[in-house]
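The next block holds one structure in the form of structure tokens; read it before the comments.
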Amino acid sequence: MKSWMVLAGIVLLSGQALGKYTFPEGMSVKTRSEEIASYQMREYDKNQDGQLSLEEYESRFDNLTREDRRNIRRNKKKGTYKTPEEQFKEMDKNNDGFVDEQERAEYIRKLRDSGNYLY
Ligand SMILES: [Ca+2]
Ligand SMILES: [Ca+2]
Numbered sequence: 298m299k300s301w302m303v304l305a306g307i308v309l310l311s312g313q314a315l316g317k318y319t320f321p322e323g324m325s326v327k328t329r330s331e332e333i334a335s336y337q338m339r340e341y342d343k344n345q346d347g348q349l350s351l352e353e354y355e356s357r358f359d360n361l362t363r364e365d366r367r368n369i370r371r372n373k374k375k376g377t378y379k380t381p382e383e384q385f386k387e388m389d390k391n392n393d394g395f396v397d398e399q400e401r402a403e404y405i406r407k408l409r410d411s412g413n414y415l416y
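For the numbering used here, count along the sequence shown from 1 and bump the result up by 297.
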């Protein structure tokens, strides 16, 4: 093995031994809810202002996946089903009439924490 490779190996090992891995500054580590929210934001934010209007959010329900439909049925069975408009009002924490990525992520987290299905 070449000496620089050995050296790199030692540096790597000592780094792991210390257990101090810090992410580069400015890099945020996204949670699963945040990842879903940012994916959905790209998908449904038609006018690309970084927020969802009720109309944009409702358009999502025109193209439901099989999993979405299954989750809707499950929530209806549990009695926890909410219409898109009801969901939107619940998501819009600051009542400005729009849902931003953070509000969406919080809602997704809340659904999961309460054991309800996302749709
Ligand atoms: Ca928008
Ligand atoms: Ca809002």
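Ideal placement from N, C-alpha and C gives every residue a C-beta, glycine not left out.
Computed from a prediction, not measured in an experiment: that's the story for all the values here.
Quick one: does the C-beta of Glu332 sit closer than 7 Å to a heavy atom of ligand 2?
Between ligand 2 and Glu332, a heavy atom-to-CB distance of less than 7 Å is absent.
*Closest residue to Asp346 among Tyr404, Val396, Arg406, Gly412 (Cα-Cα distance)*: Closest option to Asp346, judged by alpha-carbon separation, among Tyr404, Val396, Arg406, Gly412: Val396.
In three-state DSSP terms, what is Asp359? Assigned with DSSP and collapsed to three states, Asp359 falls in helix.
According to DSSP, is Leu415 part of a helix, a strand, or is it coil? For Leu415, the secondary structure class from DSSP, reduced to helix, strand or coil, is coil.
Residue range of the alpha helix (DSSP H) that Tyr378 falls in?
In the DSSP assignment, Tyr378 falls outside any alpha helix (DSSP H) and carries neither an H nor an E.
> Is the CB-CB distance between Met338 and Glu387 below 8 Å?
Replying inline: Not in contact: Met338 and Glu387 (Cβ atoms no closer than 8 Å).
Exercise. With DSSP run on the structure shown, which of helix, strand or coil describes Gln345?
Worked result: Gln345: coil per DSSP, three-state reduction.
Review point. In whole angstroms, what is the alpha-carbon distance linking Arg366 and Asp389?
Key: So the alpha carbons of these two residues sit roughly 23 Å apart.
Candidates Lys374, Arg401, Glu331, Asn413, of which the one nearest Tyr354 by Cα: For Tyr354, the closest of Lys374, Arg401, Glu331, Asn413 by C-alpha to C-alpha distance is Arg401.
In this structure, how does DSSP classify Gly312 when only helix, strand and coil are distinguished?
Legend: pLDDT at Gly312 = 49, less than 50; position of this residue unreliable, value from coordinates given subsequently. Looking at Gly312 - three-state DSSP - the assignment turns out to be helix.
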